[in-house]
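Participant: Sharing a structure below in structure tokens format, with a few things to ask.
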Ligand code: ADP
Ligand code: MG
């Protein structure tokens, strides 16, 4: 479904002197990965390793310096506006910070129906049907219809992230990029949201690119994982294999740096 082929990304840095070549920062170097339909793929790396840069490139929000990204065979950076709009509806994103990603002045009803209005050509619906769909989306993420008329500040962090997930699901996407979706949440709430994401993936047959700095988080949701170190993939394989028998020092470091998770909070032990 998604193919990342030899993607590199450099950012220009400030010039040191007046002369000489402009230095660049290699945010990503020759990154390749492929994600099959229905698969949940984890991308794990320490802060600054290039994870969000890759997510922006996959979402066609930024162009790579080299390489390409295809979604269902189409090069996402070569698409013209109509085709790009179509791909944008089919691939959605949930960011780390639900405080920043939800408009504080909008009611939940409008937050959830806005994508349906934007993509009204694909989702011709009456206002009444959109409201019903908003309630259905809330129930999909474990919230009730009484929340439709509230504003984001009236919710906890975990509830807000549920609303961001519901919004991402509004246009029935096939593919979700989850960029540190639980990193801003308390550990106990993290487990609940991970559980929800795992559940939604199974129920809706979604494909995930799940980004985290924490291998333990990704382990709960992902079949396969790639480890990113300073913009390069240094290890990739089935999550359990990387978890149980890490082959690189970096994987061991990522594992050692992790707090031992409380088994009572694990989504699989409840
Ligand atoms: P991560 O999400 O893994 O923490 P990022 O992808 O945000 O990492 O950043 C990777 C590297 O690229 C960092 O060194 C960051 O400072 C740099 N970087 C990211 N975006 C930009 C940008 N727009 N301009 C310049 N440097 C950037
Ligand atoms: Mg990031």
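Numbering (the working numbering), first residue to last: 46 to 315.
Each residue gets a CB set at the ideal place from its N, CA and C atoms; glycine is no exception.
Which residues in the same chain have their Cβ closer than 7 Å to the Cβ of residue 62, if we skip the five residues on either side of it in sequence?
Facilitator: Result list for residue 62: empty, nothing under 7 Å.
Participant: Could you give the first and the last residue of the continuous beta strand (DSSP E) run that contains residue 111?
Facilitator: From DSSP, the beta strand (DSSP E) with residue 111 extends over 111-116.
Participant: DSSP puts residue 280 in a beta bridge; with which residues?
Facilitator: Paired residue(s): 272.
Participant: Ignore the nearest five residues each way along the sequence and tell me which others in residue 69's own chain have a CB closer than 7 Å to its CB.
Facilitator: Correct list, in chain order: 55, 56, 57 and 58.
Participant: Quick one: what's got a C-beta closer than 7 Å to residue 141's C-beta in the same chain, skipping five residues either side?
Facilitator: Contacts found: 224, 225, 226, 228 and 229.
Participant: CA-CA distance, residue 83 and residue 171?
Facilitator: Distance between the alpha carbons of residue 83 and residue 171 is about 31 Å.
Participant: Less than 6 Å between C-beta atoms, sequence neighbours within five positions excluded: which residues of the same chain meet that for residue 48?
Facilitator: 79 and 115.
Participant: Between residue 103 and residue 121, what straight-line distance do the alpha-carbon atoms span, to the nearest angstrom?
Facilitator: Cα-Cα distance, rounded: 8 Å.
Participant: Note down, in chain order, each residue of its chain lying with its Cβ closer than 7 Å to the Cβ of residue 203, except the 5 sequence neighbours on either side.
Facilitator: The answer, listed in chain order, is 230, 234, 237 and 238.
Participant: Name the two residues that bound the continuous beta strand (DSSP E) containing residue 63.
Facilitator: It is not in any beta strand (DSSP E) - residue 63 carries neither H nor E in the DSSP assignment.
Participant: Quick one: residues in its chain with C-beta nearer than 6 Å to the C-beta of residue 293, no 5 flanking neighbours on either side, listed in chain order?
Facilitator: Same-chain partners within the cutoff: 279 and 280.
Participant: Write down the C-beta distance between residue 316 and residue 113 rounded to the nearest angstrom, noting that I regard them as a contact closer than 8 Å.
Facilitator: The displayed coordinates of the chain run from 46 to 315. Any statement about residue 316 would go beyond what the structure contains.
Participant: Could you check if residue 97 belongs to the surroundings of the ligand MG, using beta carbon to heavy atom distance under 7 Å?
Facilitator: At least one heavy atom of the ligand MG is nearer than 7 Å to the Cβ of residue 97, so yes.
Participant: Less than 7 Å separating the Cβ of residue 94 from some heavy atom of the ligand GDP?
Facilitator: As far as ligands go, the structure on display features the ligand ADP and the ligand MG and does not contain the ligand GDP.
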